[in-house]
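Chains as they are written, first to last, in the numbering used here: chain V, 348 to 758; chain F, 1132 to 1400.
Backbone N, C-alpha and C fix where the C-beta goes; we use that ideal spot for every residue, glycine too.
Since we're looking at a predicted model, the values are computed, not measured.
Below is one structure; the comments refer to it alone.
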């Protein structure tokens, strides 16, 4: 327990307990913090997109105020999703080989294609169809650099006749419907990268993709709640409580399902107690004590579950300001908890030897590619991109065309 | 009534199967030819991998833990200094059970100081408390169904037709997926080349008619190396099979290793 804290604060030499294979006795795990960020960011993309599709496909009208924000969030994070992967490669200059000569039995090989499909065929197209009418209008009314950007994004299509707009709506809906399985594919597949490793009892697990998808949905909705509340606070607007309550409801039920499936996974592991169970006990009791019990279970699941659950029971009896704070706190805690969950999966899977006879330590350094600094930079970058996107496409100064995702007025 | 089986159909099917069987060696040769042209494996010029099937057998009872194989491997292959090994030796010490503990043996101790390269220190227990102590040389397990090959995203790791599992260093992107997938801890990311590395059975040697460095230097012939397709008179591999019951490491993972052990204990993983 203590070693985990000291590892974060001061530099300590790598320590091993028991026997580890000599090739495993390195100071750092092979996949460090960057690979923790990779499923985290990808999960946020998938979750934010599913949040947006609640409006489009499932017609949850209360969520319309966050529809565009969630799509832009998904885009901002998707643009950064491959960066951690790229930086951790031994030969980043050869990364194109994954797409040029993919090895089709490798779960990692298909990522390039799933990513490209999701970015190009789903997210960008959906955003474009959704924004087309506005882009045409803004390109006419905005001057200067911004105007040029809007004109470029129209791609020369300036038809805003009713049939053209009807087509936009139709295409948007089709893309959303295609987008949901794509988002599941994008992140379920990330889960499969870990779930397919039979050599590692911490990872090799059939329901790993499902756990990844569910936690992705939870984290994506939490991120949308977080972004929405921060944006309204920055703009000194009032939060639409109907929207926020609905988001909190979806967040609660997503968390419920996620916690149930993850709990099931744990029950199975403990009950089956297969080879390597004792080393897993060491992990839970020592190596991952804080990130698992405190980060993932308490901060990431239990407390938000109680907060959001009490809101579901008490509903409107809780004063608005308390509701807002409880929902914001839950979202922030879930974001931390899911990051802790990714840490527990990625780093946890490398803190014990595949000989199942020993455990390794992990000291995360500050500088360096896998260090804190880089991690914070890569986590901050999507927010910077999102700020630019919000300035460009969700600005208060921009006139709205009265266009809603459904092409009809809200109720 | 139209029967499903008629002579013409059956002949066509038979012909198809025959063509498939005939095409198989052609496909294998073609694959080998393609690999010869496009892959950097260090093989000798003119070496035909489809005419060999390499195998390594290890007699645990014969290993004395001298560490010469580890040193030879490091020197022969330029393996980087530090915790990087293409082959290593583990020492297992199984203590006698404590009297009255109701157990058959004590808690197993395993060590491998510096890969066993310079031998081993005195055991941490008095000799009269040790029930068994033995050395287990480890190397790439030459899996028939290699998990490392399966997961390589670019196909830089591949099964050579002769049974060796090789890595093309000019092609590997250094993602580390294969290292995670290897159940035996045989792979490492080289700090020098930033690519995955592992035992190649000394491919540059075996394709020139030599033995791997570890098998060559082993003073007790604990490592027996041979070619299943070209047995020699009084073949040591054949003899090994006749004299021992063999085991593989982690058989439950279904990797079907072709490094075979004689004299393993249940504690060896």
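Check	Outcome
Quick check on residue 759 of chain V - is its C-beta less than 8 Å from some C-beta in chain F?	Since the first and last residues shown for chain V are 348 and 758, residue 759 of chain V lies out of range.
Run through DSSP, which three-state label would residue 1333 of chain F get?	coil
Below 8 Å CB to CB, which residues in the same chain sit around residue 430 of chain V once its five sequence neighbours on both sides are set aside?	725, 728
Quick one: grab the DSSP three-state call for residue 349 of chain V.	For residue 349 of chain V, the predicted structure reports a pLDDT of 43, less than 50, and the residue's modelled location is therefore unreliable. A value from the coordinates is still provided. Three-state result, residue 349 of chain V: helix.
Applying the criterion that 16 or more other CB atoms from any shown protein chain within 10 Å of the CB defines a buried residue, is residue 755 of chain V buried or exposed?	Confidence is the limiting factor: at residue 755 of chain V the pLDDT is only 40, short of 50, which leaves the residue's position unreliable and the question unanswerable from this model.
With distances taken Cα to Cα, identify the nearest neighbour of residue 1214 of chain F among F/1367, F/1329, F/1342, F/1386.	F/1329
Who are the Cβ neighbours of residue 651 of chain V in its own chain at under 7 Å, not counting the five residues just before and after it?	602, 677, 680, 681
Alpha carbon to alpha carbon, what distance is there between residue 1387 of chain F and residue 1151 of chain F?	26 Å
For residue 1380 of chain F, which residues in chain V fall below 8 Å Cβ to Cβ?	Simply none; closest approach about 10 Å.
Less than 8 Å between the CB atoms is what I'm expecting for residue 1408 of chain F and residue 1220 of chain F, so what's the real figure, rounded?	As shown, chain F starts at 1132 and ends at 1400. That puts residue 1408 of chain F outside it, with no answer to give.
Name, please, each residue of chain V whose Cβ falls closer than 7 Å to the Cβ of residue 1310 of chain F.	377
Residues in the same chain with beta-carbon distance under 7 Å from residue 569 of chain V, minus the five sequence neighbours each way, listed in chain order, please.	598, 678, 681, 682
Does residue 1200 of chain F come out as helix, strand or coil in the three-state DSSP assignment?	helix
Would you mind stating whether residue 761 of chain V and residue 434 of chain V have Cβ atoms separated by less than 8 Å?	As displayed, chain V neither begins before 348 nor continues past 758, which places residue 761 of chain V out of reach and without an answer.
From the DSSP secondary-structure annotation, give me the bridge partner or partners of residue 1295 of chain F.	Its beta-bridge partners do not exist; DSSP assigns none.
Hey, does residue 1325 of chain F have any beta-carbon neighbour from chain V nearer than 8 Å?	yes
Tell me which residues share the same chain as residue 1198 of chain F and place their Cβ nearer than 7 Å to its Cβ, disregarding the 5 neighbours each side in the sequence.	1220, 1247, 1248, 1249, 1250
Using a cut-off of 9 Å between C-beta atoms, extract the partners of residue 1241 of chain F located in chain V.	365, 366, 702, 704, 705
Which residues of chain V have a Cβ atom closer than 7 Å to the Cβ of residue 1286 of chain F, listed in chain order?	448, 450
Which value, in whole angstroms, describes the spacing of the CA atoms of residue 402 of chain V and residue 732 of chain V?	23 Å
Are residue 530 of chain V and residue 393 of chain V touching if we call contact CB-CB under 8 Å?	yes
Any beta carbon of chain V sitting closer than 8 Å to that of residue 1304 of chain F?	yes
Please return the same chain residues whose Cβ sits closer than 6 Å to the Cβ of residue 1175 of chain F, not counting the five positions on each side in sequence.	1338, 1339
Given a limit of 7 Å on CB to CB distance, which residues of the region 1210-1223 of chain F reach chain V?	1214, 1215, 1216, 1219
At a CB-CB cut-off below 9 Å, which residues of chain V make contact with residue 1474 of chain F?	Any answer about residue 1474 of chain F is impossible in this case: the structure gives chain F only from 1132 up to 1400.
Using beta-carbon positions only, say whether residue 412 of chain V and residue 571 of chain V come within less than 8 Å of one another.	no
Alpha carbon to alpha carbon, how far is residue 547 of chain V from residue 505 of chain V?	55 Å
Do three or more CB pairs link the region 1136-1146 of chain F to the region 1250-1268 of chain F at distances below 8 Å?	no
How is residue 1354 of chain F classed by DSSP in three states: helix, strand or coil?	strand
By DSSP, does residue 476 of chain V sit in helix, in strand, or in coil?	helix
CB-CB under 7 Å to residue 389 of chain V, same chain, minus the five flanking residues each way: which ones, in chain order?	428, 533, 534, 537
Taking DSSP as the reference, what is the three-state secondary structure of residue 1181 of chain F?	helix
What residues are listed by DSSP as bridge partners for residue 1328 of chain F?	F/1319
Excluding the 5 residues flanking residue 449 of chain V on each side, which residues of the same chain have their C-beta closer than 8 Å to its C-beta?	456, 457, 459, 460
Determine whether the beta carbon atoms of residue 383 of chain V and residue 693 of chain V lie at a separation below 8 Å.	yes
Looking at chain V, is there any beta carbon in it that lies within less than 8 Å of the beta carbon of residue 1390 of chain F?	no
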